[in-house]
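Note sheet for the following structure.
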Amino acid sequence: MKIFLSLCLFVALLGLACSARLRREEKKKFTTQYDNVDLDVILKNPRLLNGYLDCLVRDGNCTPDGKELKESLADALANDCDKCSEKQKAGSDKVIKHLIAHQPEDWKDVEKKYDSEGAYRKRHNL
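Letter by letter, the sequence shown follows residues -19 to -1, 1 to 107 in mature numbering (1 follows the signal peptide of the UniProt record, and there is no 0).
This is the structure we're talking about:
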C-alpha cells in the first residue's frame, strides 16, 4: 500500500511540475490576440500607419494593439522575434521591409528607439 501511495504522489508531483513548466513556456511567447490585424490595410493607409508610428516613436496615443507592440518591439528586434508566432514573424518582416523601402526616416526612428545597435538590420543584411 505504501508503494502505491508513493507512486501516486510521485505521479501527482510530476504532473504539477510539467504543468508549471508549460505555463512558464507559454508566458515566454507574445500574445497572438492581434494576429488577425490586416497589415496591408495599415500599410496602405498613411493615417493608420502614422498613428502606429506616433504611438511607437513619438509617444503619441496608442491603440491596444499598438500598446502591445510598443511593449514587445525591442525584445522582438533584439532576439530575432523568437517569442513571435509564425504569423507575427511574417508580419514584422513585411512591415519592416515596407518602412525601409517607403519610409526610411520612420524606420530610422524605430530603429533608433528600439534597436540602436542595428541587430535586426545586421542579421537580415539590410
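Virtual Cβ for every residue (Gly too), placed ideally from N, Cα, C.
DSSP places Gly72 in the helix class (H, G or I) of the three-state scheme. If you check the CB distance, Ile81 and Leu107 come in under 9 Å. Taking a contact as a CB-CB distance under 8 Å, the pair Asp16 and Lys68 counts as one, their CB atoms being some 5 Å apart. In this structure, DSSP gives His105 a state outside helix and strand, which the three-state scheme calls coil. A Cβ-Cβ contact shorter than 9 Å links Leu24 with Lys75. By a beta-carbon distance limit of 8 Å, Val18 does not contact Val91. Their separation comes to about 17 Å. Distance from the CA of Asn42 to the CA of Arg28, rounded to the nearest whole angstrom, comes to 13 Å.
In the three-state reduction of the DSSP assignment, Val22 falls in the helix class.
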